[in-house]
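Residue numbers for the sequence shown follow the UniProt record's numbering, beginning at 1 and rising by one.
Notes to accompany the following structure.
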Amino acid sequence: MRAVGVVACLALGAYASTVILRDPTLHPSILGMLTWFAGALLLHDLVLFPLYAAADRALTLLPTTRVPVVNHVRLPLMGSALTFLVYLPGIIRQGGPVARGATGLDQEPYLARWLGLCAAMAGVSALVWVVRVTRRSAAGG
């Protein structure tokens with residue numbers, strides 16, 4: 001089953017590459033695409049993976065409680081990181097004139113809204129943890 005998923009991902013990537021290479025407005029080259037892919041691969045494997053693996057290892061060193069806190073910290077951190085990657089151009093206000101021309105909106109609120117979303121994810125996760133601890137204590141476990 002895993003092999004089917006890998007083949008499907010490779011097929012999707014090949015299809016996306018052909019669509020990009022056929023678009024005359026993008027002017028891509030295969031060498032440029034491979035360079036960006038290799039750079040992303042190296043950045044992830046040599047920099048990002050060791051960083052988030054070390055952070056995850058540090059989370060497992062937190063004191064143990066009746067209800068483990070590890071996943072209640074992991075989930076909001078992962079959500080914050082993924083939404084940061086998705087909205088990074090808006091957060092750092094990259095391409096402001098293009099965004100304003102396409103949507104008529106400014107990129108001003110992106111950072112504040114992303115920070116609010118991160119705070120909400122952390123707050124909900126903390127609330128769920130407190131409810132779980134309270135329910136376990138009430139049950140006598």
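C-beta: ideal position from N, C-alpha, C; glycine also.
On a predicted model such as this, the values are computed, not experimentally measured, just so you know.
Worksheet entry | C-alpha gap between T35 and S29, whole angstroms | In the sequence shown, the residue the question calls residue 35 occupies position 35. In the sequence shown, the residue the question calls residue 29 occupies position 29. If I take the Cα positions, the gap works out to 10 angstroms.
Practice prompt. Can you tell me which of the three DSSP states P63 falls into?
Written response: Here residue 63 refers to the residue found at position 63 of the sequence shown. Coil.
Worksheet item: How close, in whole Å, do the beta carbons of M121 and S80 come, if the pair is a contact with beta carbons under 8 angstroms?
Response: In the sequence shown, the residue the question calls residue 121 occupies position 121. In the sequence shown, the residue the question calls residue 80 occupies position 80. At roughly 6 angstroms, the Cβ-Cβ gap stays under 8 angstroms, so M121 and S80 are in contact.
Worksheet entry | Where the alpha helix (DSSP H) containing H44 begins and where it ends | On the sequence shown, residue 44 is found 44 positions in, with the first residue counted as 1. Run containing H44: none; DSSP gives neither H nor E here.
Fill in: Residue environment, G13, which counts as buried when at least 16 other CB atoms sit within 10 Å
The residue you call residue 13 lines up with position 13 of the sequence shown. The residue in question, G13, is exposed, as its Cβ has fewer than 16 Cβ neighbours within 10 Å.
Practice prompt. Report all residues from its chain with a CB closer than 8 angstroms to the CB of V133; omit the five preceding and five following residues, and keep chain order.
Written response: In the sequence shown, counting from the first residue as 1, residue 133 sits at position 133. So the list reads T65, R66 and V67, once near-sequence residues are dropped.
Worksheet item: Helix, strand or coil: how does DSSP classify I91 here?
Response: Stepping through the sequence shown from its first residue, residue 91 is reached at position 91. In this structure, I91 counts as helix in the three-state DSSP scheme.
Item to complete: Rank G90, T60, V70 and R22 by C-alpha distance to the C-alpha of V128 and give the top, closest one.
Response: Within the sequence shown, the letter at position 128 stands for residue 128. Minimum Cα distance to V128 is reached at V70.
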